[in-house]
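> Before anything else, here's the structure in question.
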Amino acid sequence: MLPALIRDQLTSIVGETRLLLGSDDLQRYGIDRTTLWQAAPCAVVLPATVEEVRAIVLLAREHGLAIVPSGGRTGLSGGAVAKDGELVVAMDRFDKILEFNPLDRSITVGAGVVTAQLQQFAGRQGLLYGVDFASSGSSQIGGNIATNAGGIRVIKYGMTRDWVIGLKVVTGAGEILELNKGLAKNNTGYDLRHLFIGSEGTLGIICEATIQLARPTLQASVMLLAVNEFAVIVDVLQHFSAGLELSAFEFFSQSALEKVIAHRGHAAPFQAVAPFYALLEFEPVDQAVVDKAMQLFQHCVDQGWVLDGVISHSVAQAQNLWKLREDISETLWRWQPYKNDISVRISRMPDFIFQIDQLVARQYPDFEVVWYGHIGDGNLHLNILKPECLSLDQFQAKCVNVSNEIGQLLAACGGSVSAEHGVGLLKKNYLHYSRSAAEIAIMRGIKSTIDPDQVMNPGKLFD
Ligand code: MLT
Ligand code: ZN
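Going by the working numbering, the first residue of the sequence shown is number 61, and it counts up by one from there.
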């Protein structure tokens, strides 16, 4: 419940229509894609200017009110969940493209601009924003930056971090900072921009971002391969990436494919049924590149790694193959999956796959495990489906054990408990498997400096 005094002050900052108190709005804005927590914010506020954001943060400091910054709420780790009476600061009204500079190939956008809007704008200018993921139709740039979103083309385009050349933020102390100012070269001490990227709303609110755009590429060709066993996916990857410049190398298990076909009405890609599938993408620059791709495919077949394959011959075919991979996440929600988003270095992947596969089979033979992910950049999504016979709480309790064992394995392999989804509420108890006590202490120190009253997204990342 929002005290009347604070409600009046918020109204005077943003106006009555931009302070939302109705239960539908509180529900909608108080949750991300996770299903483990109940939304319970005290209010939702929709500022439209940086000054309004600043006034809101100062008000929050004065009254000790916690803030949850909110973008497209497509997150998968509870980073945008407001479950404890927080004030949600939704950035929907920062939805403008503010400046485009063709010479710099840069664009400055409000934090509430949707990823697809940025991609389409770049396309109309003959340029490219190469970071892409299934939720690009609703995720907002501010949220992508706050979580350093990755996605399906990281092997070619990197993470969100690699394209952010400037940020305007309001810190938890209520200061407005303009970070890096769009410069390509700027060696003037600590790069605070990179602290905000991936900070999951714990340091301040990202209001505007300047993004470097890339030169466009040709329409890519997509190949889908039926792979004989988990262990050889990395062999297929190594073989293809030695011979071709890949822009994506994804994988998924038969159970993922089965579910996508059954629930999305997609056609089966070929008759062969294999335990795993690899989806790869490359630019067919000339016939020699296409011939090379076919040779690499044939070698994989000769080795017994690949049982069957298909290559796209049109944009529509490429898109249809991508749907088999991109629709998995959405399809699985009905099973309330317990999601792991883990990574190791590619060179460690064969050993890691062997060990994690054994761990899951040994400890959880009764659970249905659906694998998919961005194996080209060492990122596996291990989704454990909730059996109908278990309540959500019982299921979660069992999965915590899985996560601890996976965490130990990751620590031994130098891996990460969150490759791209972020830590949020979901993985804060496992952070120590990837980050040392000294690192976490430094992170806490940074937070206290930038957000002295701990108003920014408390309880996320760490307690
Ligand atoms: C994906 O790779 O599909 C996304 O990270 C979402 C997910 O893991 O469910
Ligand atoms: Zn992913």
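Where a beta carbon is used, it is the ideal one built from N, C-alpha and C, also for glycine.
Check each residue's C-beta against every heavy atom of ligand 1 and list, in chain order, those closer than 5 angstroms.
Listed along the chain, these residues meet the criterion: S389, H441.
> So V296 and L285 are supposed to be a Cβ contact under 8 angstroms. How far apart are they, rounded?
7 angstroms
> Quick one: what does DSSP say K229 is sitting in, helix, strand or coil?
Note on identity: in this sequence residue 229 is Val, with Lys being the wrong assignment. Correct three-state label for V229: strand.
> Could you have a look at Y424 and say whether DSSP puts it in helix, strand or coil?
coil
> Can you tell me where the alpha helix (DSSP H) holding A479 begins and where it ends?
Note, A479: premise wrong, no alpha helix (DSSP H); not H, not E.
> Could you name the residues of the same chain whose beta carbon sits closer than 7 angstroms to that of T95, not counting the 5 residues immediately before and after it, in chain order?
Cβ neighbours of T95 beyond the five flanking positions: Q396.
> When the Cα atoms are used, what is the spatial distance from D84 to P63?
19 angstroms
> With respect to 7 angstroms, is the separation between the Cβ of E480 and the closest non-hydrogen atom of ligand 2 below this value?
At least one heavy atom of ligand 2 is nearer than 7 angstroms to the Cβ of E480, so yes.
> Examine the Cβ distances between the region 512-522 and the region 484-493 and report whether three or more of them are shorter than 8 angstroms.
yes
> Given a threshold of 16 other Cβ atoms within 10 Å of its Cβ, counted over all protein chains shown, does H41 qualify as buried or as exposed?
Nothing in the structure corresponds to residue 41, since the chain is present only between 61 and 523.
> My guess is that Q468 and Y432 are in contact by the Cβ rule of under 8 angstroms, so how many angstroms apart are they, rounded?
Wrong, their Cβ atoms sit about 23 angstroms apart, outside the cutoff.
> So if DSSP puts Q200 in a beta bridge, which residue, or which two residues, is it bridged to?
V174
> Evaluate K446 with the Cβ neighbour count: other Cβ atoms within 10 Å of its Cβ, from every protein chain shown; 16 or more gives buried, anything less gives exposed.
Under this definition K446 is a buried residue.
> Just verifying my parser: in three-state terms, what is the DSSP assignment at W395?
helix
> For H492, is the beta carbon positioned less than 7 angstroms from some heavy atom of ligand 2?
no
> Using CA coordinates, which residue listed in N208, M219, V173 is at the minimum distance from G190?
Checked all of N208, M219, V173; the closest Cα to G190 is M219.
> For V538, name the three-state secondary structure that DSSP assigns.
Nothing about residue 538 can be reported from this structure: the residues present for the chain run from 61 to 523 only.
> Looking only at its own chain, which residues have a Cβ that is under 8 angstroms from the Cβ of F256, when we skip the five neighbours before and after it?
I205, A206, L227, V229, L239, L263, G264, I266
> With DSSP run on the structure shown, which of helix, strand or coil describes C267?
Correct three-state label for C267: strand.
> Between the Cα of S403 and the Cα atoms of D426, E448, S195, A472, which residue gives the shortest distance?
A472
> From the DSSP output, in three-state form, read off V370 for me.
strand
> Of all the alpha helix (DSSP H) runs that stay within the bounds of the region 293-347, which reach a length of 4 or more residues?
293-303, 314-324
> Is H323 a contact residue of ligand 2, with contact defined as CB to any heavy atom under 7 angstroms?
no
> On the three-state DSSP scale, how would you describe D152?
coil
> Leaving aside the five residues before and after F427 along the sequence, list all residues of the same chain whose C-beta is less than 6 angstroms from its C-beta, in chain order.
In the same chain as F427, and ignoring 5 residues on each side of it, the C-beta atoms closer than 6 angstroms to its own belong to I444, in chain order.
> Determine the extent of the alpha helix (DSSP H) in which V460 is found, giving its start and end residues.
452-473
> Would you mind stating whether V320 and T391 have Cβ atoms separated by less than 8 angstroms?
Cβ atoms of V320 and T391: closer than 8 angstroms.
> By the three-class DSSP mapping on this structure, what secondary structure does Q514 have?
coil
> How many Å lie between A328 and G202 at the Cα?
37 angstroms
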